[in-house]
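Using numbering that gives the first Met the number 0, you'd call the opening residue of the sequence shown number 0 and step up by one each time.
Note that CB positions come from ideal geometry on N, CA and C, so glycine has one too.
Quantities reported herein were computed from a predicted structural model and do not represent experimental measurements.
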Amino acid sequence: MAVMKRTALMTMTALLCVVVLAGVSPCSGAPCDDATLAALTPDGWQVAGRWIGELDGRPPAELAVIISECKATPGTDVPDWWVHYGGVSRVLILNNEDADAGVLASFEFNGCAPPAGTDASVEPPFYCKDLDGDGVVELFVRTHSSGGGSSHWVHINTIKWWNGAYRRAGTYGIAKGGGLFYLDVLDANVGREAILLNYVKDAAGNHTGPAKYRVQVYGWANGWYSLIKDFTTSSRYSTPQPAFDNLRRFLWKK
0 MAVMKRTALM
10 TMTALLCVVV
20 LAGVSPCSGA
30 PCDDATLAAL
40 TPDGWQVAGR
50 WIGELDGRPP
60 AELAVIISEC
70 KATPGTDVPD
80 WWVHYGGVSR
90 VLILNNEDAD
100 AGVLASFEFN
110 GCAPPAGTDA
120 SVEPPFYCKD
130 LDGDGVVELF
140 VRTHSSGGGS
150 SHWVHINTIK
160 WWNGAYRRAG
170 TYGIAKGGGL
180 FYLDVLDANV
190 GREAILLNYV
200 KDAAGNHTGP
210 AKYRVQVYGW
220 ANGWYSLIKD
230 FTTSSRYSTP
240 QPAFDNLRRF
250 LWKK
């Protein structure tokens with residue numbers, strides 16, 4: 000019975016998380032009107048994505064909008080944000096049904112969120128999960144920064160409703176060639192953990208083949224996803240997926 004209840008809760012939670020595609024109006028209310036959003040967007044910034052969900056766990060749903068000021072890295076002239084763009088992003092939380100409620104919360108994050116439709120290979124800036132198992136989703140925001148060349152980072156920023164307010168709940172960075180996974184690996188901690196794998200460069204500072212991976216495990220504790228475990232694999236792997244699979248099977252036995 001408990002398993003069935005948990006499954007139903009996870010299914011219901013998933014239905015409350017909607018990523019809005021480029022050019023699609025997520026609702027009929029004024030907050031979704033382009034003119035309304037334009038009034039909230041400073042010159043030189045642009046709307047990069049929208050999301051609808053019950054971020055506080057109850058209706059009406061919130062509308063999250065991410066706006067970005069994406070800047071080319073000095074000395075580059077190729078408009079390829081994967082390699083050349085940095086900047087800053089801002090997430091605005093609005094009432095999806097009541098424009099008069101104004102901005103409920105605003106968060107600023109390092110990194111650029113690519114304009115919607117820029118590159119088909121780019122994942123949307125928003126996604127959500129109920130990691131801590133309380134029935135209320137956490138909103139994850141992807142932003143990107145780069146120093147040029149292959150120095151590219153994806154920042155995963157977390158927003159959560161906690162103790163009656165929308166709050167930052169942690170940030171982790173994924174290097175190009177790294178990976179992020181979610182799994183319940185710590186029985187003493189609630190919910191699932193975020194497991195970050197980034198390759199370790201060799202003594203010369205290069206990454207040209209199979210490498211060891213630094214493993215960082217983030218878990219929920221008192222309103223924040225904190226670093227709980229930090230270690231390096233003894234074996235070398237070509238990508239983070241087999242490294243994670245090996246850890247899951249032999250270390251965490253999942």
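Assumed close pair residue i, residue j - CB separation to whole angstroms, cut-off 8 Å
i, j, result
"L125", "G177", "One detail in the question is off: residue 125 reads as Phe in this sequence, not Leu. Contact doesn't hold; Cβ gap of about 20 Å is too wide."
"F108", "H151", "With 8 Å as the limit, F108 and H151 do not qualify as a contact, their Cβ atoms being about 16 Å apart."
"N95", "I66", "At roughly 17 Å, the Cβ-Cβ gap does not stay under 8 Å, so N95 and I66 are not in contact."
"A63", "S88", "So it is not a contact: roughly 12 Å between Cβ atoms."
"V136", "C127", "4 Å"
"L182", "R191", "6 Å"
"E61", "L93", "7 Å"
"G86", "C69", "4 Å"
"W161", "N188", "Actually they are not in contact, since the Cβ atoms of W161 and N188 sit about 16 Å apart, beyond 8 Å."
"L195", "I227", "Actually they do not touch by this definition, with Cβ atoms about 11 Å apart."
Those residues which DSSP pairs with residue i across a bridge
i, result
"D229", "Q215"
"G204", "Answer is none; G204 lacks a bridge partner."
"L246", "DSSP lists no partner for L246."
"N94", "E61"
"Y107", "The amino acid occupying residue 107 in the given sequence is Glu; Tyr does not appear at that position. BP columns for E107 point to R89."
"S237", "Paired residues: none, contrary to the question."
"A220", "W223"
"A37", "None; A37 has no bridge partner."
"A210", "Y236"
Spatially closest choice to residue i from the options, by CA coordinates
i, options, result
"D133", "W251, P123, P239, K159", "K159"
"L103", "R191, Y165, Y217, L185", "Y165"
"H206", "T238, A187, L91, L39", "T238"
"V90", "A100, D97, G110", "G110"
"R168", "P123, Y217, L196", "The residue asked about is misnamed: residue 168 is Ala in this sequence, not Arg. Looking at the Cα atoms, Y217 is the closest of the given residues."
"V46", "P59, P123, Y171", "P123"
"K175", "D244, S145, F249", "S145"
"Y171", "P59, G163, V184, Y224", "Y224"
"N97", "L130, P59, S105, G163", "In the sequence on display, residue 97 carries Asp and not Asn. With distances taken between Cα atoms, D97 lies closest to P59."
"D131", "G222, W44, S105, G43", "G222"
"E53", "S105, D42, G101, D129", "D129"
"D186", "W251, A100, L36, G101", "W251"
"D229", "N245, A37, A193, W44", "A193"
Distance cut-off 7 Å: residue i Cβ against heavy atoms of the ligand ZN
i, result
"W161", "With respect to small molecules bound, the structure shown includes none, and the ligand ZN cannot be examined in it."
* To do: Taking 8 Å as the threshold, find out whether the stretch 197 to 204 comes into contact with the stretch 129 to 140 through three or more Cβ pairs.
  => no
* Determine, using beta-carbon pairs with one atom in the stretch 224 to 236 and one in the stretch 203 to 216, whether at least three such pairs fall under 8 Å. => yes
* Which parts of the stretch 118 to 199 are runs of the alpha helix (DSSP H), unbroken and 4 residues or longer, counting only runs that do not cross its ends? -> Runs found: none.
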